[in-house]
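Novice: Each residue of the sequence shown is one higher than the one before, counting from 56 in the numbering used here.
No residue lacks a Cβ here, since even glycine has one placed at the ideal position from N, Cα and C.
These numbers were taken from a predicted model, which means no experiment stands behind them.
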Amino acid sequence: MRKLRVFVAVVIITLTLVNFFSSYLHITTRSRSQALASDLRRLAKDLSETQRSLVHFPLQFYKVERNIELLKQLIKSVDGQPLQKDTVSSDSSSETYVKKREVCPEKFMGKDSAYGFPFFYRKGFEGENCTDFVPIDELVTMIMTSPKELSPEKLRKVFEGIATHYPSVPVIFVSNKTLKFKRLRDEGLNPTFMAFDDLTHGETWSKLLKMVATPYALFAPDITYFTDDVNLERLVRVLSENRDTILVGGSQKNQRGEWDNSCRQVQFRNWTAYFSDGYHHSFNDCVQCDVLLGPFMAKTKELQDFGIDEKLHFGAFQDLFWRLKLKRPEKVVASCPDVMFDIYEREVPDEKYDALAQKWDVKKWVESNGQVRWYGCRRGGHARDSKSSCGIPATGLAVPPCDLENLADIVKFIMKECENAGIYCQLNAGTLLGAVKFKKVLPWERDADIYFLSENYTAVQKLRPRFEAAGYKFDDRNGTECCTDGRKTSGIFVIYGNGWGVDFYGRPRLESEMLVADGQQPTKVMFAGQWVIATRNPGLSSRNRYGPNMYHHVEHWEVVGNANGDALYKSGVWTKCSKPGHMGCLDQFRTDGDLQFVVILTLVLVKFFSSYLHITTRSHSQVLVSDLRRLAVDLSETQRSLVHLPLQFYKVERNIELVKQLIKSVDGQPLQKDTVSSNSSPETYVKKREVCPEKYMGKDSSYGFPFYRKGFEGENCTDFVPIDELVTMIITSPKELSPEKLRKVFEGVSTYYPSVPVIFVSNKTLKFKWLKEVSLRLTFMAFDDLTHGETWSKLLKMVATPYALFAPDITYFTDDVNLERLVRVLSENRDTILVGGSQKNQRGEWDNSCRQVQFRNWTAYFSDRYYHSFNDCVQCDVLLGPFMARTKELQDFGIDEKLHFGSFQDIFWQLKLKHPEKVVASCPDVMFNIYEQEIPDEKYDALAQKWDVKKWVESNGQVRWYGCRRGGHARDNKSSCGIPATGLAVPPCDLENLADIVKFIMKECENAGIYCELNAGTLLGAVKFKGVLPWERDADIQFPSENYTAFQKLRPRFEAAGYKFDDRKGTECCTDGRKTSGIFVIYRNGWGVDVYGKPRLESEMLVANGQQPTKVMFAGQWVTAMRNPGLSARNRYGPNIYKHVEHWYDIGMKSGVMHYKSGVFTKCPQPGHMGCLDQLRPDGNLQLEKAGCAKQSFDFYLRKIMQTGNGLLFPGSFLARTTSQA
């Protein structure tokens, strides 16, 4: 019995312990699962932020979206709970949250588009009958001001409008004087009048906000009219249905009648606020914004808690939007353009925003129209050490752009004065490095350095009056000393201006004078928009001077703790920013590539997670690890597609690191690099040695001084292959080259590579006696067409060596052509197939020969930046000049023998689009002297036709048109683009031709005093894109039928301009005593624009009422539209109008008056084509800003900024030179 009791006790204890430990293990496992799920959620949210920054890049956007979907599944598998949308992104959907109903829901009544017709689509949505709503006067308080320019009579009309539409809603009317209107009470309106001295002061608006007792407050400054276009219920509905939406506004119409959706995006980068006027997302038929220009409604309690800055005398609302974006990114701001406010718009002087700019450390403010406001260091006159100075930034911060531009101005002024006086001057040190890497000043510069020829010391002294007249201080430090090689050896000047000092050193010899003495042009580099003289080979000088990884970045020697500028730099790391999170911090950028200093995108910093818990259930862990590995591989593929977008590349890179840590925490094993990415690093692969490795000798920067022709030396080795067994050179020379200069080319080849096989190609047989005197392995080949693909294909087939150098149009051959260097890059990097060098043309202009190209909407866009470097070479999509190739790979790949011109360009395009794993690079320290030809557009006809390129935009902004030509060619002739198939966007040339017709008609109507308005899809294009819809098929304009005869009289003007004027039908009588019909069709370039007569137009009604007709921006021109374009468009096309859908003809509808279902594109008939619409998000217009003429002003102002700006963000000028490539 006792044994039984003991046994029972043991069993009970055992069961208790088992139960306890089971519970403990379950709790532990669950807590670890929860921790992992939490980390995965944070990763998902971070990926969502990454995704949001990719709205301009739809393919990458969708890739990240798929990554997020996989993460959602992983999270559900870990904790059994799906990932809520609002835990992934701060952008809550309108459908995910509904609080207690405050206003009745609305219903779309116009499903057949007849509802609201023909009354200008003033109707479309109606509030449903409901009983559980709150009266509007218990919900909203309106805080209003009127402009001082408004007459008492017009101010009275404002109050009458409020009394008509919202008589019971509380109104606080604010003025800087006491107003007395006797009849307001009689009209049923009892506003509260408040008098403040300063109506723009933050303290004023803060006090007014505190007076509001309703849940919502409408802030409406400078109102000029109040009509039923102000729909308070609509704004309340948006705020009440969307949890994270805190502010919502509407469109605005100013005193000139100009309509704007009031929505702006703003990005902060490098001390600069950049504004753009697109949208990236829509909900509730409203567009999401960062900033609202006009009146807005706010959630009162949330805004009271958030606060309005009472210290700001001006810009308190702007400050509010900036704080929401930067400090509360989960909060949403939106504009509903169908709600329209009539406001008085003022020009705001720059100084008004002084305090706001100072608060946010904004030194440059770029409006969406390209207008620039300067703060801190002013451009033009203010010195950096004055009160308005930016000053030298703290460690880890970039130099503000105003200072960079001031420094660039001094350098360019000095170089121009030298040129005008015939004095040899050259960029030196970091100033030359900036020109090589950025074509301007380094973003972290502290000074500038220029050399002049010491024997010109006296000539430089004589320039003092010119420098002083221009406002510069001219400091002559010491005279010259004699002598080195019979030449004076010293002389130092320092030129001061705007707080900068430029060191101006004398040197006994300069390479520029040596080149001129040898009959060559001195080498010139592009520096902040100006060609200036530099060393003979700028890429080589810089590499030898600064050593390995010079295309990776490092700050000025003073910042990194070096004793002086001669000490060796260790590139590839930024110092820790002294103001973490500041928009000027350098450590938010990758330390490689210069594209990141051009692309306007916001970086959200990632927080790293240090440790992760191990899940105890092994089988579950294995599945999870497998899924995480799959996610890692997918993310790596996504990352590779982002190499053009370094900020996002860097961000996804850190996401991948996080996934690696998660895998290690779950599995206990690190993730191998080759399981993550197929993109092998240049350091991870070395095949059999073909050339000896090189070693950097210039560790103290004195090696190679003063010209830095030396720096790297080949190490002694025995296991290498002779260069003549490795490389064959295929060379042509330009027809402009004289026999004497051609002889120098051969002598140069003979001097440096006498045993290397050379195939010299000409279109005639060369007979020069001196050829026998040149020691070369030379083969002559004669071809009629030296640019034909067939020619180069045949030459390639002749090559028996592992590598082939393609060198067309060579003018000199010097030791700047380093074949061993190019072979070394190709042999050490598995995926690199082509590598070139920089080029110097016949004018002496130097270029790194590297271009990037993006294909989008039938267009090839080129830029002259780089996104990645390795082996001190920069990765490119296209090379302009000579290049070396892996012979066998290129033979297998092939050269298109059908192309008469552009076969090299074709190779680069094929590699980018069909073999993205293959790498093309330029090593700018290898330099080729070439003859640069201007290439007529028609030369590229066949190439453009092969790739379906209709528009070709060079990096300098030059545009080449193909297919439908701009200006005269009709779309139905041989050079027509033609109506594209369903699922494809209309080529940009056609869109611009259609826009031209519309603008011409509208201008002629205006000049003739005829009321004409945009209508239907043409109006919708203006509302959504400020231009033609990218999938348009026609255009529609309406005019008053009583002007039928007046429009008929315009026929001669249309025909003189090349338009066909088709009068389809006369008018009929009568509706309300007015003619009711009349149709014209205006034809040109294959387009037909329907011009319809209507009995009444809203524009004439507005004028009759003493108001300006409403105008919308359309492809760069203000044109007349309906009274409230946003409302008319929404009522006409129904819900989700800011999401996209193609033309009714393409989606199988019988007519355009049927209801559209937005938010989806049809399947593209040519998958992968750059014109496919289904590769774009069916929402937002920012992704389509380059689609034809839709954002013409954006492209115009962007080019304008690029041409004038020398700051960090934009280069002073883009150079797009194209050598006479095959």
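#1: For Ser1183, name the three-state secondary structure that DSSP assigns.
#2: Report the option in Val800, Pro789, Pro777 whose CA atom is closest to the CA atom of Val811.
#3: Go through its chain and collect everything with a Cβ distance to Val854's Cβ below 6 Å, but skip five positions before and after it.
#4: Using the DSSP secondary-structure output, state which residues sit across from Glu161 in a beta bridge.
#5: Under the rule that 16 or more other beta-carbon atoms within 10 Å means buried, what is Gly1243, buried or exposed?
#6: By how many angstroms is the C-alpha of His1224 removed from the C-alpha of Glu1009?
#7: Out of Leu1157, Trp555, Leu1046, point me to the one whose CA is closest to Arg1139's CA.
#8: Check whether the Cβ of Ser1132 lies closer than 8 Å to any Cβ atom in chain D.
#9: Excluding the 5 residues preceding and the 5 following Lys1212 in the sequence, name in chain order all residues of the same chain whose CB lies nearer than 7 Å to its CB.
#10: Which parts of the region 480 to 541 are runs of the beta strand (DSSP E), unbroken and 3 residues or longer, counting only runs that do not cross its ends?
#11: Under a three-way DSSP split, which group does His607 fall into?
#12: Just confirm the distance between the C-beta atoms of Lys1218 and Asp1229, as a whole number of angstroms; I'd bet it's less than 8 Å.
#13: DSSP three-state call for Pro777: helix, strand or coil?
#14: Quick check on the DSSP output: what are the complete alpha helix (DSSP H) runs of length 4 or more inside the region 181 to 266, in order along the chain?
#15: On the criterion of 16 or more Cβ atoms from any shown chain inside 10 Å, does Ser736 qualify as buried, or is it exposed?
#16: Distance, Cα to Cα, Ser295 vs Ser1154?
#17: Is the region 832 to 848 close to the region 911 to 918, with three or more CB pairs under 8 Å?
#18: So, is Asn1191 buried or exposed, given that buried needs 16 or more other C-beta atoms within 10 angstroms?
#19: Can you give me the Cβ contacts of Gly182 inside the same chain, cut-off strictly under 6 Å, excluding the 5 residues immediately before and after it?
#20: Assuming Val829 and Phe868 make a contact with CB atoms under 8 Å, what is their CB distance in whole Å?
#21: Just to confirm, is the Cβ distance from Leu934 to Ser977 under 8 Å?
#22: Helix or strand or just coil, what does DSSP make of Phe1109?
#23: DSSP three-state label for Pro456, please.
#24: Decide yes or no for the touch test of the region 191 to 198 against the region 312 to 327: beta carbon pairs closer than 8 Å, at least 3 of them.
#25: Where do the ends of the beta strand (DSSP E) carrying Ala862 lie?
#26: Kindly provide the ranges of any beta strand (DSSP E) runs that are 3 or more residues long and lie completely inside the region 562 to 592, ordered along the chain.
#27: For a test of the three-state rule: what should DSSP assign to Glu768, helix, strand or coil?
#28: From the DSSP secondary-structure annotation, give me the bridge partner or partners of Glu749.
#29: In whole angstroms, give me the CA-to-CA distance for Val421 and Ala572.
#30: Mind the definition here: the region 1175 to 1192 touches the region 1069 to 1079 only if three or more C-beta pairs lie below 8 Å; say whether that holds.
#31: Hey, Ala999 and His955: beta-carbon distance below 8 Å or not?
#32: Tell me the residue span of the beta strand (DSSP E) that contains Tyr551.
#33: Sort out for me which residues DSSP pairs Gly892 with in a bridge.
#34: How far does the beta strand (DSSP E) with Ala1077 in it reach, from first residue to last?
#35: Between Gln585 and the rest of its own chain, which residues show a CB-CB distance below 6 Å, the 5 nearest in sequence each way excluded?
#36: Under the three-state reduction of DSSP, which class applies to Gly803: helix, strand or coil?
Specialist: Inspection of the coordinates gives the following:
#1: Helix.
#2: Closest by alpha carbon: Pro777.
#3: Contacts found: Thr783, Thr942.
#4: According to DSSP, which records beta bridges pairwise, Glu161 is partnered with Gly182.
#5: Only weak support is given to the placement of Gly1243: the predicted model assigns it a pLDDT of 41, under 50, and the value that follows is read from those uncertain coordinates. Label assigned to Gly1243: buried.
#6: So the two alpha carbons sit approximately 21 Å from each other.
#7: Of all alpha-carbon atoms in Leu1157, Trp555, Leu1046, the one lying nearest the alpha-carbon of Arg1139 is that of Leu1046.
#8: The displayed structure is made up of one protein chain only, and chain D is not part of it.
#9: Counting only residues of its own chain and dropping the five nearest sequence neighbours on each side, Lys1212 has a CB closer than 7 Å to the CB of Val1196.
#10: Scanning the region 480 to 541 from its first residue to its last, the whole beta strand (DSSP E) runs of 3-plus residues come out as 480 to 482, 503 to 508, 528 to 533, 537 to 539.
#11: His607: strand per DSSP, three-state reduction.
#12: Their Cβ separation, rounded to whole angstroms, is 6 Å, which keeps Lys1218 and Asp1229 in contact under 8 Å.
#13: Collapsing the DSSP output to three states places Pro777 in coil.
#14: If we require 4 residues or more, the alpha helix (DSSP H) runs fully inside the region 181 to 266 come out as 207 to 220, 257 to 266.
#15: Note that Ser736 scores 39 on pLDDT, short of 50, meaning its location in the model is unreliable; the coordinates nonetheless yield the value given after this. Here Ser736 is exposed: its Cβ has fewer than 16 other Cβ atoms, across all protein chains shown, within 10 Å.
#16: Distance between the alpha carbons of Ser295 and Ser1154: 34 Å.
#17: No, they do not touch.
#18: By the 16-neighbour rule on beta-carbons within 10 angstroms, Asn1191 is buried.
#19: If we look at Gly182 and ignore the five residues flanking it on each side, its Cβ neighbours are Cys159, Glu161.
#20: Distance from Val829 to Phe868 at the Cβ level is roughly 11 Å; contact not present, criterion being Cβ atoms closer than 8 Å.
#21: Cβ distance < 8 Å, so Leu934 and Ser977 count as in contact.
#22: In the three-state scheme derived from DSSP, where H, G and I count as helix and E and B as strand, Phe1109 is classed as helix.
#23: Secondary structure of Pro456 (DSSP, three-state): helix.
#24: Because the criterion of three Cβ pairs below 8 Å is not met, the region 191 to 198 and the region 312 to 327 do not touch.
#25: Membership of Ala862 in the beta strand (DSSP E) is indicated by the continuous run 858 to 862.
#26: Qualifying beta strand (DSSP E) stretches, in chain order: 579 to 582, 585 to 588.
#27: Strand.
#28: Answer by DSSP bridge pairing, in chain order: Gly769.
#29: Cα-Cα distance, rounded: 47 Å.
#30: Touching, yes, given that three or more Cβ pairs across the two stretches are closer than 8 Å.
#31: Their beta carbons are not under 8 Å apart, which means Ala999 does not touch His955 by this criterion.
#32: Segment 547 to 552, the beta strand (DSSP E) holding Tyr551.
#33: Cys978.
#34: For Ala1077, there is no enclosing beta strand (DSSP E); the residue is found in the alpha helix (DSSP H) stretching over 1071 to 1080.
#35: Annotation for Gln585: Lys467 place their beta carbon closer than 6 Å to its own, counting only its chain and skipping 5 residues before and after.
#36: Secondary structure of Gly803 (DSSP, three-state): helix.
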